[in-house]
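Trainee: Residue numbers (our numbering): 694 to 936.
For each residue, glycine too, the CB sits at the ideal point set by N, CA and C.
1) Could you tell me how far apart the beta carbons of residue 865 and residue 896 are, in whole angstroms, since I believe they sit closer than 8 angstroms?
2) Give a yes or no on contact between the stretch 817 to 828 and the stretch 793 to 808, applying the rule of three or more CB pairs nearer than 8 angstroms.
3) I'd like the list of long-range same chain contacts for residue 901, defined as Cβ closer than 8 angstroms, with 5 residues on each side in sequence excluded.
4) Mind pulling the alpha helix (DSSP H) runs of 4 or more residues that sit fully within the stretch 833 to 909?
5) Pull up the distance between the alpha-carbon of residue 769 and that of residue 856, whole angstroms please.
6) Under 7 angstroms Cβ to Cβ from residue 755, same chain only, skipping five residues before and after it: list those, please.
7) Let me make sure I understand the geometry here. Which of 835, 748, 903 has the alpha-carbon closest to that of residue 810?
8) What are the start and end residues of the beta strand (DSSP E) that includes residue 816?
9) Go ahead and pull the three-state DSSP assignment for residue 748.
10) Would you identify the three-state DSSP class for residue 787, choosing helix, strand or coil?
11) Since residue 877 contacts residue 861 with CB under 8 angstroms, what's their CB separation in whole angstroms?
12) Identify, in the order they occur along the chain, each residue of the same chain with its Cβ nearer than 7 angstroms to the Cβ of residue 839, setting aside the five sequence neighbours on each side.
13) With DSSP as the reference, label residue 800 as helix, strand or coil.
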């Protein structure tokens, strides 16, 4: 991204604005499934935004001189889209790692006084405001990276190692209400991130359940060690995210 406008990846989705088209040309378990895991496997996909809440905008609008505003959406798989894209799938999401790293590394809560209710997060780049709304959480962990024999990291939102945090198995938070799994995320992005369903399904094989309590796991086994789940992230999710 630059102060004069976003530097979009080659894999930019189809857009209606001529300016966006010009920018595009510039860029080259095993085991028996527990109830929680079954809910996870049935968790539905992203919804399509239809202008709810009466919010209206124009991509690239300039509410004041030399300022541009853009609007984005991240789904439960960690895929980033222009918010007004009609089709939201793997072929239309942003894929350029450099763009994704710049976007998500600058993400903070939206306290700009503009679109705060509809777009609760903001990524600033110079005088450019990039507003973000999300299906669940703005940070979605997609891959477990092996950084060494004793250290592993969780990567999020397509940024590889540049967008990653240390993996803390004891702090995994499963929610029975929506069948989703959460993990600590950078504080500036809300402190808690969603684990993508495919990765969460793999990790669920490591969970252990207390006798007579099959709904939620109490421990996790990881690299030969047994950890009690702390559940300390629960206060950061005061309301259950949508299933």
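Mentor: Taking the coordinates as given:
1) The Cβ separation is near 7 angstroms, so the contact holds.
2) Yes, the stretch 817 to 828 touches the stretch 793 to 808.
3) Cβ within range, chain order: 910, 911, 912, 913, 914, 919.
4) DSSP runs (the alpha helix (DSSP H)) wholly in the stretch 833 to 909: 890 to 896.
5) Approximately 17 angstroms, taken between the alpha carbons.
6) Around residue 755: 761.
7) Among 835, 748, 903, the Cα nearest to that of residue 810 is on 748.
8) Where residue 816 is concerned, the enclosing beta strand (DSSP E) stretches over 814 to 818.
9) If DSSP states are grouped into helix, strand and coil, residue 748 belongs with coil.
10) In the three-state DSSP reduction, residue 787 falls in the coil class, being neither helix nor strand.
11) The pair is a contact, with the Cβ atoms about 6 angstroms apart (cut-off 8 angstroms).
12) If we look at residue 839 and ignore the five residues flanking it on each side, its Cβ neighbours are 845.
13) DSSP places residue 800 in the strand class (E or B) of the three-state scheme.
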